[in-house]
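Novice: What follows is a structure written as structure tokens; I'll ask about it next.
2 protein chains.
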Amino acid sequence: MDQDLALPLPQKLANQLREGLIGGAFTPGQRLSEQALCDELDVSRNTLREAFRLLTKEGLLEHKANRGVFVTTPSIAAVIDIYRVRRMLECPALAHAYPNHPAAARMRAAVQSARAARQRLDWREVGSANMRFHTAIVELADSERLSGFYAQVSAELRLAFFLLDDPELLHAPYVDMNEAIISLLEQGRPAAAAASLETYLNQSERTILAALARRAAA
Amino acid sequence: MDQDLALPLPQKLANQLREGLIGGAFTPGQRLSEQALCDELDVSRNTLREAFRLLTKEGLLEHKANRGVFVTTPSIAAVIDIYRVRRMLECPALAHAYPNHPAAARMRAAVQSARAARQRLDWREVGSANMRFHTAIVELADSERLSGFYAQVSAELRLAFFLLDDPELLHAPYVDMNEAIISLLEQGRPAAAAASLETYLNQSERTILAALARRAAA
DNA sequence: CAAAATAAAATTGTTGAACAATGTTGACGG
DNA sequence: CCGTCAACATTGTTCAACAATTTTATTTTG
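If you read the sequences in order, they're chains Y and H. The first sequence maps to residues 804 to 1021 in the numbering used here. The second sequence maps to residues 804 to 1021 in the numbering used here.
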């Protein structure tokens, strides 16, 4: 998927660590020891630290002076902020999209993947496909920088998902909503699609905030 | 302005370099020698390289493998992309703003600075004040992440400004437009303000693209 | 003389070790 | 039980070294 071979080592490292982070290999709040990771990944401390800076800038890690780096624990405020961003990026992108945009095909493909995964109860893949769906929505806007920013924000959101432990509740209900959204766009009704998307985002935000609040209470 | 004393050295370095970059201390396309900057700034290569990574991720520097880092030369495509982003962030932020938002006061203050600077023909400060004005617009949206992203994008845009050499043409005409925009917002007419802003952005984009095209031809 | 091939120099990429500064742990005494 | 202080571990930063690559200079060749 990546032609990582050409990339400098710290970036490869950062990509590898990011995969682990959004894949749930580490738990939020966990401290990442330089020594331990250097040994495990077989790179020097300097190289690892450069990768840490990258991921810190993306919001996936937090750096506390003289104490080390920690996996970000998404706060309620962070989730609220992320959903505000999502509404501001995704809804206009969809509202102004034209149905033949290549990203629309990616939206459709993501929905089909999600349906198939749901049928075999593979909630992990349902979540991934859902993310591809929304990434494609932002790509409708045809802005390299916007897409890059969205990738960053959604990676941070994934961290929040791993705080919760009911992936079915988290992703399953949204497959059909995505289906409806892409269908509306394909029918040339982008405004209606955007309205559905906003409903989706509000509902999703509430679900996650509620789950997060329950977790904080416990 | 910054409490840089507490920040780790690479970040302080990055801030310092960023100031230089958006202040025009380097010219786009210029190569930054590690050795030379290490000597000049009195830091080690490792530390400098960490700062480079940060700025590369922000789009201010470009990293070519085994060849070093170069000051980004903004392309026509980059400028178009940046203005697309600006329209998508600034216009909705302004349209949904309420006039008593603290950021509105910052908009007003920026306009006053710009007027004063224009009177004494200090185009550099006019440009800075103009940037503060638009930063404040994004802050109306109350999103930490959005503001951070905008800071990054506008830093990149500043690079493009330094490619041009007529700061008066670039900034002077917009002081009055900004004045009109904040006045509309203060009068409780955010929709009209947003419409004016869109006009502003379109006009500004055309000016810069034209200047950039002239420069490319020469 | 021009162009290609080659050798030399300079630069970046990565590592490892060193030491200072800061944080953490645990024993000790009140 | 709580605070103090020393021992320990970890991070922050620098330095030196070497491999890999690019740039420059030189030589060879047509």
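The beta-carbon is built from N, C-alpha and C at its ideal position, and this holds for glycine as well.
In whole angstroms, what is the alpha-carbon distance linking arginine 890 of chain H and tyrosine 1003 of chain H?
Specialist: Looking at the two C-alpha atoms, the distance is approximately 10 Å.
Novice: Going by beta carbon distance, what residues of the same chain come within less than 7 Å of tyrosine 886 of chain H, once the five residues before and after it are set aside?
Specialist: Same-chain partners within the cutoff: Leu1004, Glu1008.
Novice: Whose Cβ in chain H lies nearer than 8 Å to the Cβ of proline 877 of chain Y?
Specialist: Result: empty, since nearest Cβ-Cβ is about 12 Å, beyond 8 Å.
Novice: Using the Cα positions of glycine 826 of chain Y and glutamate 982 of chain H, report the straight-line distance between them to the nearest angstrom.
Specialist: Looking at the two C-alpha atoms, the distance is approximately 49 Å.
Novice: So for valine 872 of chain Y, helix, strand or coil by DSSP?
Specialist: Strand, per DSSP.
Novice: Out of Y:Glu843, Y:Ala919, Y:Ala958, Y:Lys867, which has the shortest C-alpha to C-alpha gap to methionine 934 of chain Y?
Specialist: Of the candidates Y:Glu843, Y:Ala919, Y:Ala958, Y:Lys867, the one whose C-alpha sits nearest the C-alpha of methionine 934 of chain Y is Y:Ala958.
Novice: Starting from the Cα of isoleucine 883 of chain Y, find the closest Cα among Y:Gln1006, Y:Leu840, Y:Arg821, Y:Leu1012 and give me that residue.
Specialist: Here the closest residue by C-alpha is Y:Leu1012.
Novice: Counting only beta-carbon atoms, is phenylalanine 952 of chain H nearer than 7 Å to chain Y?
Specialist: So, interface residue.
Novice: Name the chain Y residues that come within less than 8 Å of alanine 888 of chain H, Cβ to Cβ?
Specialist: Correcting the residue identity first, residue 888 of chain H is valine in this sequence and not alanine. Ordered by position in chain Y, the residues that pass the 8 Å Cβ test against valine 888 of chain H are Ser946, Arg948, Leu949.
Novice: Considering only residues of the same chain and omitting the five flanking positions on each side of serine 847 of chain H, which have a CB-CB separation below 8 Å?
Specialist: Cβ within range, chain order: Cys841.
Novice: Are the C-beta atoms of arginine 968 of chain Y and some chain H residue less than 7 Å apart?
Specialist: The sequence given here has aspartate at residue 968 of chain Y, not arginine. Taking Cβ atoms only, chain H never reaches closer than 7 Å to aspartate 968 of chain Y, which makes this a no.
Novice: Using only CA atoms, which one of H:Ala932, H:His974, H:Ala954, H:Tyr901 lies nearest to alanine 995 of chain H?
Specialist: The shortest Cα separation from alanine 995 of chain H among H:Ala932, H:His974, H:Ala954, H:Tyr901 belongs to H:Tyr901.
Novice: Which residues mark the beginning and the end of the alpha helix (DSSP H) in which leucine 820 of chain Y is found?
Specialist: It spans 812-826 - the alpha helix (DSSP H) in which leucine 820 of chain Y sits, taken as one unbroken run.
Novice: Starting from histidine 899 of chain H and walking both ways along the beta strand (DSSP E), at which residues does that stretch end?
Specialist: Note, histidine 899 of chain H: premise wrong, no beta strand (DSSP E); not H, not E.
Novice: According to DSSP, simplified to helix, strand and coil, what is arginine 890 of chain H?
Specialist: Arginine 890 of chain H falls in the helix class under three-state DSSP.
Novice: Which residues in the same chain have their Cβ closer than 7 Å to the Cβ of glutamine 819 of chain H, if we skip the five residues on either side of it in sequence?
Specialist: Around glutamine 819 of chain H: no qualifying Cβ.
Novice: Would you say glutamate 865 of chain H and alanine 906 of chain H are within 7 Å of each other, going by their C-beta atoms?
Specialist: Taking 7 Å as the Cβ cut-off, glutamate 865 of chain H and alanine 906 of chain H do not qualify as a contacting pair.
Novice: Taking 8 Å as the threshold, find out whether the stretch 937-957 of chain Y comes into contact with the stretch 914-921 of chain Y through three or more Cβ pairs.
Specialist: The stretch 937-957 of chain Y, when compared against the stretch 914-921 of chain Y, does not touch it at the 8 Å Cβ threshold.
Novice: Could one say the Cβ of asparagine 849 of chain Y lies closer than 7 Å to chain H's Cβ atoms, at least one of them?
Specialist: Output row for asparagine 849 of chain Y: interface = yes.
Novice: Relative to chain H, which residues along the stretch 854-869 of chain Y have a C-beta separation below 7 Å, given in chain order?
Specialist: Hits within the stretch, in order: Arg856, Leu857, Lys860, Ala868.
Novice: Residues of chain H with a CB under 7 Å from the CB of valine 882 of chain Y: which are they?
Specialist: Within chain H, no residue comes near valine 882 of chain Y; the closest Cβ sits about 11 Å away, beyond 7 Å.
Novice: Contact between the stretch 979-993 of chain H and the stretch 983-992 of chain Y is defined here as three or more beta-carbon pairs at a separation below 8 Å; is this criterion met?
Specialist: Contact between the stretch 979-993 of chain H and the stretch 983-992 of chain Y is absent, because fewer than three Cβ pairs lie under 8 Å.
Novice: Please classify serine 931 of chain H: is it buried, with 16 or more other beta-carbons within 10 angstroms of its beta-carbon, or exposed?
Specialist: Counting Cβ neighbours within 10 Å, serine 931 of chain H comes out buried, since at least 16 surround it.
Novice: For isoleucine 885 of chain Y, go through chain H and note every residue whose CB falls closer than 8 Å to its CB, in chain order.
Specialist: Under the 8 Å cutoff, chain H gives Arg948.
Novice: What residues of chain H sit near proline 813 of chain Y, judged by a beta carbon separation below 7 Å?
Specialist: Per Cβ cutoff of 7 Å: Arg856.
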